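Protein chains in written order, with our numbering: chain H, 27 to 224; chain D, 65 to 253. Step one of this worksheet: look at the structure below.
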Amino acid sequence: MENQDNIKRELEDLSSSLSTIKKDRTKGFEVPEDYFSKFESKLMQKIENEVDSNTLSIVSDSKNESNGKIILLKRSVYAVVAASLVGLILFFNSDLFQNDSLDSQVLLAQLTAEETNNYILEHIQEYNTEDFYDLAEESILDELQEALTVYEFQTQDKLIIDEEDQNPIKDVFNSENLDQFLDDLSDDELLELEETYL
Amino acid sequence: MSATSEHNKDTEKNILSQLRNSQSFERGFSLLVHEYKERLYWHIRNMVQNHDDADEVLQNTFIKVFKGFKNFRGDAKLYTWLYRIASNESITFLNKRKKQATIDIDNEDIGLLHVLKADSYFDSEKATLLLNKALEILPTKQKQVFVMRYFDQLAYKDISAVLETSIGGLKASYHHAVKKIEVFVKENV
Numbered sequence: 027m028e029n030q031d032n033i034k035r036e037l038e039d040l041s042s043s044l045s046t047i048k049k050d051r052t053k054g055f056e057v058p059e060d061y062f063s064k065f066e067s068k069l070m071q072k073i074e075n076e077v078d079s080n081t082l083s084i085v086s087d088s089k090n091e092s093n094g095k096i097i098l099l100k101r102s103v104y105a106v107v108a109a110s111l112v113g114l115i116l117f118f119n120s121d122l123f124q125n126d127s128l129d130s131q132v133l134l135a136q137l138t139a140e141e142t143n144n145y146i147l148e149h150i151q152e153y154n155t156e157d158f159y160d161l162a163e164e165s166i167l168d169e170l171q172e173a174l175t176v177y178e179f180q181t182q183d184k185l186i187i188d189e190e191d192q193n194p195i196k197d198v199f200n201s202e203n204l205d206q207f208l209d210d211l212s213d214d215e216l217l218e219l220e221e222t223y224l
Numbered sequence: 065m066s067a068t069s070e071h072n073k074d075t076e077k078n079i080l081s082q083l084r085n086s087q088s089f090e091r092g093f094s095l096l097v098h099e100y101k102e103r104l105y106w107h108i109r110n111m112v113q114n115h116d117d118a119d120e121v122l123q124n125t126f127i128k129v130f131k132g133f134k135n136f137r138g139d140a141k142l143y144t145w146l147y148r149i150a151s152n153e154s155i156t157f158l159n160k161r162k163k164q165a166t167i168d169i170d171n172e173d174i175g176l177l178h179v180l181k182a183d184s185y186f187d188s189e190k191a192t193l194l195l196n197k198a199l200e201i202l203p204t205k206q207k208q209v210f211v212m213r214y215f216d217q218l219a220y221k222d223i224s225a226v227l228e229t230s231i232g233g234l235k236a237s238y239h240h241a242v243k244k245i246e247v248f249v250k251e252n253v
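Structure representation (structure tokens):
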């Protein structure tokens with residue numbers, strides 16, 4: 027209460043007229059009915075959706091889907107990239123980005139970290155998949171491994187099928203096999219990934 | 065210590081205790097949302113003005129909390145940490161909106177006031193409208209300080225913890241903000 031008294035006195039000293047205006051931060055603003063009571067369920071739904079969309083997934087029914095493609099949701103790649111500002115900065119400073127126009131570099135120099143993040147997310151289609159894997163190999167592999175703790179994939183060669191239930195086994199990547207996975211991707215696979223999902 | 069203050073302290077302690085246990089994390093998060101959603105909403109609403117914008121920023125704030133609680137070191141109060149995230153999200157949103165609207169920086173106030181008037185939830189009661197209009201002509205930092213001091217009734221040391229600005233700097237910002245609002249109200253009343 028002492029603090030409130032101090033604040034009131036301070037305002038009176040600074041502006042006697044302003045101190046007479048009734049203080050009610052909600053007055054004049056309307057809030058939709060039930061907004062607060064429904065807020066939490068709406069929020070939790072959004073969080074669940076984000077978690078779902080950030081998970082690399084497979085097409086679970088392997089019998090009906092083509093086996094020759096890696097199912098890699100691009101949003102996961104975005105999330106990983108977004109998670110690593112250091113990686114982004116390295117990316118923009120790398121040879122990959124040096125090929126772009128001077129205007130882009132000037133723009134980057136003017137961007138804050140958050141804006142840089144937003145920029146690359148908004149222009150994600152302008153970069154190819156190899157860019158991200160180059161980036162991943164160089165600077166954000168750790169984040170990639172952490173973010174994609176559990177994910178599922180499927181390729182003709184790499185798909186592991188549980189013969190009993192015909193469902194792909196969910197593989198948990200560790201540092202070693204994720205490195206191997208990235209190294210094993212051929213140029214054609216990367217190209218296919220790009221053409222299919224980016 | 066007042067009963068309200070004691071209650072807030074106990075509530076925060078309970079929420080933190082549950083959030084730090086993976087088994088009870090979701091329950092703790094639910095309690096946190098329940099406890100702080102209205103306070104943070106009004107903090108954000110005073111910054112961004114429009115309900116739909118405030119809703120978006122509030123959701124983003126809680127999502128950041130949900131994902132980033134592991135980064136909460138506990139050397140600041142929980143609400144200070146929440147205010148900091150909400151403030152940063154509000155500033156990010158305002159900056160983004162300014163860019164999207166390609167508002168000339170010299171005329172940014174006009175653009176923001178237009179948003180204020182266009183808000184279907186806005187009640188045009190005169191005194192409040194004037195105050196809110198006045199808020200919109202303030203630079204972001206002064207607006208932040210004014211909202212926290214005038215509406216949230218925060219002590220300078222708490223604002224300092226949120227904005228990571230010296231108390232002297234905060235007092236100067238608040239002083240300038242009050243003077244600008246006073247002039248604006250007098251000219252438009």
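Even glycine gets a Cβ: it sits at the ideal position worked out from N, Cα and C. Quick caveat: nothing in here was measured; it's all calculated off a predicted structure.
{"Check": "Tell me, please, whether the CB atom of D:VAL121 is closer than 8 Å to any CB atom in chain H?", "Outcome": "no"}
{"Check": "Nearest CA to the CA of D:LYS250: which residue from H:THR46, H:ASN29, H:ILE33, H:SER67?", "Outcome": "H:THR46"}
{"Check": "Please list, in chain order, the chain D residues whose beta carbon lies closer than 8 Å to that of H:LYS72.", "Outcome": "GLN123, ILE127"}
{"Check": "Identify the continuous alpha helix (DSSP H) that holds D:LEU96 and give its terminal residues.", "Outcome": "89 to 112"}
{"Check": "Roughly how many angstroms lie between the CA atoms of D:TYR100 and H:LEU40, to the nearest whole one?", "Outcome": "31 Å"}
{"Check": "By how many angstroms is the C-alpha of D:ALA140 removed from the C-alpha of D:GLU76?", "Outcome": "12 Å"}
{"Check": "With D:GLU120 as the anchor, note down where its alpha helix (DSSP H) starts and where it stops.", "Outcome": "115 to 132"}
{"Check": "Let me check understanding here. Comparing Cα to Cα, which of D:HIS71, D:PHE248, D:GLU120, D:GLU228 lies closest to D:LEU158?", "Outcome": "D:GLU120"}
{"Check": "Output the distance between the C-alpha atoms of D:ARG148 and D:VAL226, rounded to the nearest integer angstrom.", "Outcome": "5 Å"}
{"Check": "Compare the beta carbon distance of D:PHE130 and H:ILE73 with 8 Å and say whether it is the shorter of the two.", "Outcome": "yes"}
{"Check": "What does the alpha-carbon distance come out to for the pair H:LEU37 and D:ASP116?", "Outcome": "31 Å"}
{"Check": "Identify the contact partners of D:PHE215 in chain H, using a Cβ-Cβ distance below 7 Å as the criterion.", "Outcome": "ARG51"}
{"Check": "What residue from D:VAL97, D:GLU102, D:ILE108, D:ASN135 has the CA that sits closest to H:SER67's CA?", "Outcome": "D:VAL97"}
{"Check": "Assuming the contact rule is C-beta atoms closer than 8 Å, D:ILE245 and D:ALA198 should be a hit. Round their C-beta distance to whole Å, please.", "Outcome": "4 Å"}
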